[in-house]
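Student: Before we start, here is the structure in question, set down as structure tokens.
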Amino acid sequence: MTDRAAPGTKRRARRVDGPAPDRAALRAAALAHLARFGTTRAGLEQVLARMVQRWARRAAEAGLPADEIEAQAATARALVAGVVGDMAELGAVDDAAFAGSRARSLTRVGRSRRAVQAHLAARGVGDDVAGAVLDDALGARDGTGYETELAAALVFARRRRVGPFRPAGDDDSDDVEDAAASARRLRALEAMARAGFGRAVAEAALDMDPDEAEERIIRMKSI
Numbered sequence: 000m001t002d003r004a005a006p007g008t009k010r011r012a013r014r015v016d017g018p019a020p021d022r023a024a025l026r027a028a029a030l031a032h033l034a035r036f037g038t039t040r041a042g043l044e045q046v047l048a049r050m051v052q053r054w055a056r057r058a059a060e061a062g063l064p065a066d067e068i069e070a071q072a073a074t075a076r077a078l079v080a081g082v083v084g085d086m087a088e089l090g091a092v093d094d095a096a097f098a099g100s101r102a103r104s105l106t107r108v109g110r111s112r113r114a115v116q117a118h119l120a121a122r123g124v125g126d127d128v129a130g131a132v133l134d135d136a137l138g139a140r141d142g143t144g145y146e147t148e149l150a151a152a153l154v155f156a157r158r159r160r161v162g163p164f165r166p167a168g169d170d171d172s173d174d175v176e177d178a179a180a181s182a183r184r185l186r187a188l189e190a191m192a193r194a195g196f197g198r199a200v201a202e203a204a205l206d207m208d209p210d211e212a213e214e215r216i217i218r219m220k221s222i
């Protein structure tokens with residue numbers, strides 16, 4: 000008696016779709032990615048490296064010899080930096096432009112300068128580029144940068160409904176008001192510190208008049 004596979008369980012032989020990506024394939028993948036997403040040179044290198052890794056995985060599943068897979072993958076990986084360089088020459092990938100755009104958008108939603116810098120570093124923007132871009136996009140720390148940071152802190156406070164954005168009528172009774180207010184303020188300061196805002200900026204944001212706070216946010220978001 001011949002055993003038969005149960006319906007729907009027939010195994011299909013895996014196959015690899017041709018050799019490892021060549022320069023043309025990597026370039027096409029880079030252009031397709033950049034048409035949809037903004038990224039950095041390091042980010043694009045990771046995208047293309049993952050493309051090569053996926054090919055190697057499929058090749059292994061298809062039964063290609065390991066030494067042949069590694070040889071082809073190594074050749075493909077060696078092409079990645081050149082393709083990324085081509086994209087940079089075309090202006091399709093620009094770390095400074097990416098950093099400036101991302102810095103402004105993150106600041107408008109209440110991210111601190113420190114948080115923005117960490118975000119850029121995680122995406123491969125070098126410290127020198129990030130520092131120059133942050134000064135240009137957000138202002139120097141000792142000048143307009145302080146005003147921008149304060150406005151970002153106000154956006155953060157509005158989202159948390161603290162400081163000038165605490166709901167009206169949310170007062171405690173007189174006998175516990177001071178203690179409750181102190182506890183609320185401490186929690187707000189701790190949250191702002193975790194978000195990367197300095198103590199002076201956080202206190203200025205929490206103590207600001209509501210009308211002035213809204214005006215500062217509007218002014219910052221219009222830049």
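Under numbering that gives the first Met the number 0, read the sequence shown as residues 0 to 222, first letter to last.
Backbone N, C-alpha and C define an ideal beta-carbon position, used for all residues, glycine too.
For a quick check, are the C-beta atoms of R112 and L149 less than 8 Å apart?
Tutor: No, the pair does not count as a contact, with Cβ atoms beyond the cut-off.
Student: Specify the secondary structure class of S100 as computed by DSSP and reduced to three states.
Tutor: In the structure shown, S100 sits in a helix (DSSP, three-state: H, G or I).
Student: Along the chain, where does the alpha helix (DSSP H) that runs through R158 open and close?
Tutor: From DSSP, the alpha helix (DSSP H) with R158 extends over 143-159.
Student: For R26 and V82, what's the separation of their Cα atoms in angstroms?
Tutor: The straight-line gap from Cα to Cα measures roughly 6 Å.
Student: Put L30 into one of helix, strand or coil per three-state DSSP.
Tutor: Three-state result, L30: helix.
Student: Rounding to the nearest angstrom, what Cα-Cα distance links A95 and R193 in this structure?
Tutor: Roughly 27 Å between the two C-alpha positions.
Student: Any idea what DSSP makes of F164, helix, strand or coil?
Tutor: Residue state, collapsed to three classes: helix.
Student: For L188, which of helix, strand or coil comes out of DSSP?
Tutor: DSSP places L188 in helix when its eight states are reduced to three.
Student: Can you give me the start and stop residues for the alpha helix (DSSP H) that M219 sits inside?
Tutor: 209-220 is the span of the alpha helix (DSSP H), which, as asked, contains M219.
Student: Ordered along the chain, which non-local residues of its own chain (more than five positions away) have a Cβ less than 8 Å from that of A212?
Tutor: So the qualifying residues of the chain are L153, A156, R157, G162, P163, F164, A204.
Student: Taking buried to mean at least 16 other C-beta atoms within 10 Å of its own C-beta, is T39 buried or exposed?
Tutor: Answer is buried; the Cβ neighbour count reaches 16.
Student: Please state whether the Cβ-Cβ distance between A80 and V51 is less than 8 Å.
Tutor: Taking 8 Å as the Cβ cut-off, A80 and V51 do not qualify as a contacting pair.
Student: Around the Cβ of E88, are there at least 16 other Cβ atoms within 10 angstroms (buried) or fewer (exposed)?
Tutor: Classification for E88: exposed.
Student: Is there contact here, the stretch 123-132 with the stretch 194-201, by at least three beta-carbon pairs under 8 Å?
Tutor: The stretch 123-132, when compared against the stretch 194-201, does not touch it at the 8 Å Cβ threshold.
Student: Smallest Cα separation from A254: which of E60, L185, V124, E214?
Tutor: Since the displayed the chain opens at 0 and closes at 222, residue 254 lies outside it and no answer follows.
Student: Compare the Cα-Cα distances from A72 to each of R57, H118, G142, D85 and report the closest residue.
Tutor: Looking at the Cα atoms, R57 is the closest of the given residues.
Student: Only counting runs of 4 or more residues, tell me where the alpha helix (DSSP H) segments fall wholly within the stretch 103-130, in order along the chain.
Tutor: The stretch 103-130 contains these whole alpha helix (DSSP H) runs: 112-121.
Student: Is there at least one non-hydrogen atom of the ligand MN closer than 7 Å to the beta-carbon of V92?
Tutor: You won't find the ligand MN in this model; it holds no ligand whatsoever.
Student: Between which residues of its own chain and D174 is the CB-CB distance below 7 Å, once the five residues before and five after are set aside?
Tutor: For D174, the predicted model reports a pLDDT of 48, less than 50, meaning its position is unreliable; a value from the coordinates is still stated below. Cβ within range, chain order: n/a, list empty.
Student: Within the stretch 33-101, note down every full alpha helix (DSSP H) run reaching 4 residues or more, in order along the chain.
Tutor: Those alpha helix (DSSP H) runs which fall completely within the stretch 33-101 and span 4+ residues are 40-60, 65-89.
Student: With a Cβ-Cβ cutoff of 8 Å, do V92 and L43 count as a contact?
Tutor: Taking 8 Å as the Cβ cut-off, V92 and L43 qualify as a contacting pair.
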